[in-house]
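For the sequence shown, our numbering assigns the number 73 to the initial residue and increments by one for each residue that follows. C-beta: ideal position from N, C-alpha, C; glycine also. Every value quoted in this text rests on a predicted model; they were computed, and no experiment measured them.
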Amino acid sequence: MSISLRSRFRGCLLGGAVGDALGAGIEFLSLAEIQARFGPSGVTGYIPAYGRTGAITDDAQMTLFTAEGLI
Numbered sequence: 073m074s075i076s077l078r079s080r081f082r083g084c085l086l087g088g089a090v091g092d093a094l095g096a097g098i099e100f101l102s103l104a105e106i107q108a109r110f111g112p113s114g115v116t117g118y119i120p121a122y123g124r125t126g127a128i129t130d131d132a133q134m135t136l137f138t139a140e141g142l143i
């Protein structure tokens, strides 16, 4: 099965946005702080950040703007 280049790019952008949303609430915390708040497994799902759960930050937005500029 061959995956198109377009699908690969889309997957990379989506994966980056999901990762950004998962890490938004802990971006500036140390591992010790994360484990103190969420337990030894750390974050296992979306957590509140910037007033919403699963927030996408400026990092994902800049990636999308760059991709749009390249297109």
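Residue i, DSSP secondary structure in three states
i	result
residue 116	coil
residue 121	strand
residue 146	With the chain represented from 73 up to 143, any question about residue 146 goes unanswered, as that position is not in the structure.
residue 103	helix
residue 135	helix
residue 108	helix
residue 128	coil
Where the alpha helix (DSSP H) containing residue i begins and where it ends
i	result
residue 89	77 to 95
Chain-order list of residues whose beta-carbon lies under 7 Å from that of residue i (same chain, five-residue window excluded)
i	result
residue 88	132 and 135
residue 120	97
Contacting residues, own chain, Cβ-Cβ under 6 Å from residue i (five flanking each side not counted)
i	result
residue 106	98 and 114
residue 92	128, 129, 131 and 132
I'd like to know if the segment 119 to 135 and the segment 85 to 102 are in contact, where contact means that at least 3 CB-CB pairs between them fall below 8 Å. yes
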